[in-house]
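Residue numbers (my numbering): 4 to 354.
Worksheet: one structure, shown below.
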């Protein structure tokens, strides 16, 4: 009897861990997609909007400091300390840390502020008026109601957003999400990941005289057909193509050609100078876009992308996305919409 009881007990102990598996065999709940909430996963301004809600908590304090010109200190509902800088030209309470100065609180500037260099901001910054940063500064995040200017060799660790214009001087490192409501200008030597604005200028835009052959006007509203090629394909210089092009090999579009549809290659793609594509440009490997090209649709390369000076991607009425794991873009390129280097992006000088 004792042996039988022991066997039954052992069987029960061995069966209990398998009960969830038996239930899954009957109900198959894990066969359904996970219920992942993606409320703001694709919104580049999500963190800026969240911080703006935090700043609303400080609105009475900010208005009082704006009227008096005085500063204030306190603690936010979430437990973070904050510092409001009034009309002062300095940031009180900076702590020396090696060659730099450290500010460990959330900072709100109610007046226009020119920040000294070599300052590390460990928490978010809110700027009600224009904010001008010094050289070699490091920021966790910036929310600007007005223009935001980053000094040379500055770093953004998480995100930055301006409700007007955001400029990054030479050799800045822009990690995370960078956005602006009007314009972003990124100078030579800067690195970036994800940038979004109605207009993105890489370096100084080319003058009308330099932008030979660049036109942002679409040609027609027709619906192009599709041409499929098994191997490599080349579009001759100056040719006008009224179809979508899909090739399983390498695609080369010679200088001055125009495609009224989209192009896609399963290998490398080359657009020579002054090429126009009304639709999307997609390469499963590497892509080189020459000088003074115009692409109206999305520009995507699965390995690496190089964009030469004078090229325009998208237009003000129809912003687009330029995306690749690695992007090298020359000064003088103009993008309307999103520039997204999933691993690394660099602004280089004109070749």
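We put the beta carbon where it would ideally sit given N, CA and C, even for glycine.
- Simplified DSSP state of residue 66, which is helix, strand or coil: helix
- Any heavy atom of the ligand MG within a distance shorter than 7 Å of the CB on residue 328? Of the ligands one can find in the structure shown there are none, so the ligand MG has no counterpart to examine.
- Taking 8 Å as the cut-off, decide whether the C-beta atoms of residue 266 and residue 284 are in contact. yes
- Message: Please list the terminal residues of the continuous beta strand (DSSP E) segment that includes residue 171.
- Response: 168-171
- Query: When the distance is taken between beta carbons, is residue 86 closer than 8 Å to residue 72?
  - Reply: no
- Message: Give the list of continuous beta strand (DSSP E) stretches no shorter than 3 residues that lie fully inside the region 103-157.
- Response: 103-106, 109-112, 122-130, 141-147, 151-153
- Query: Quick one: Cα of residue 278 to Cα of residue 161, how far?
  - Reply: 36 Å
- Message: Based on DSSP bridge pairs, tell me the residues matched to residue 286.
- Response: 268, 304
- Message: Below 8 Å on the Cβ atoms is my contact criterion, and I expect residue 260 with residue 286 to pass it. Report the Cβ-Cβ distance as a whole number of Å.
- Response: With a Cβ gap of about 16 Å, residue 260 and residue 286 do not count as contacting.
- Which word fits residue 117, buried or exposed, when buried means at least 16 other C-beta atoms lie within 10 angstroms of its C-beta? exposed
- Within 10 angstroms of the Cβ of residue 233, are there 16 or more other Cβ atoms? Answer buried if so, exposed if not. exposed
- Query: On the three-state DSSP scale, how would you describe residue 326?
  - Reply: strand
- To which residues does DSSP link residue 316 through a beta bridge? 298, 338
- Starting from residue 84, trace the beta strand (DSSP E) both ways and give me its first and last residue. 84-88
- Distance between residue 56 and residue 146 (C-alpha atoms, nearest Å): 11 Å
- Query: Quick one, are the C-beta atoms of residue 2 and residue 317 less than 8 Å apart?
  - Reply: The chain is shown from 4 up to 354; residue 2 falls before or after that span and cannot be answered.
- Task: Look at the alpha carbon of residue 238 and the alpha carbon of residue 247, and state the distance between them as a whole number of angstroms.
- Result: 12 Å
- By Cβ distance below 7 Å, which residues in the same chain neighbour residue 334 in space, the five residues on each side in sequence not counted? 191, 205, 206, 207, 312, 350, 352, 353
- Item | Anticipated Cβ contact below 8 Å, residue 174 with residue 156, distance rounded | 4 Å
- How should residue 148 be labelled, buried or exposed, when 16 other C-beta atoms within 10 angstroms of its C-beta is the threshold for buried? buried
- How close, in whole Å, do the beta carbons of residue 182 and residue 170 come, if the pair is a contact with beta carbons under 8 Å? With 8 Å as the limit, residue 182 and residue 170 do not qualify as a contact, their Cβ atoms being about 13 Å apart.
- Task: Find out if the Cβ-Cβ distance for the pair residue 88, residue 106 is shorter than 8 Å.
- Result: no
- Contact set for residue 68: own chain, Cβ-Cβ below 6 Å, skip 5 residues either direction: 75, 87, 89, 113
- Classification of residue 198 by the beta-carbon crowding that lies within 10 angstroms, buried from 16 upward: buried
- Query: So, is residue 243 buried or exposed, given that buried needs 16 or more other C-beta atoms within 10 angstroms?
  - Reply: exposed
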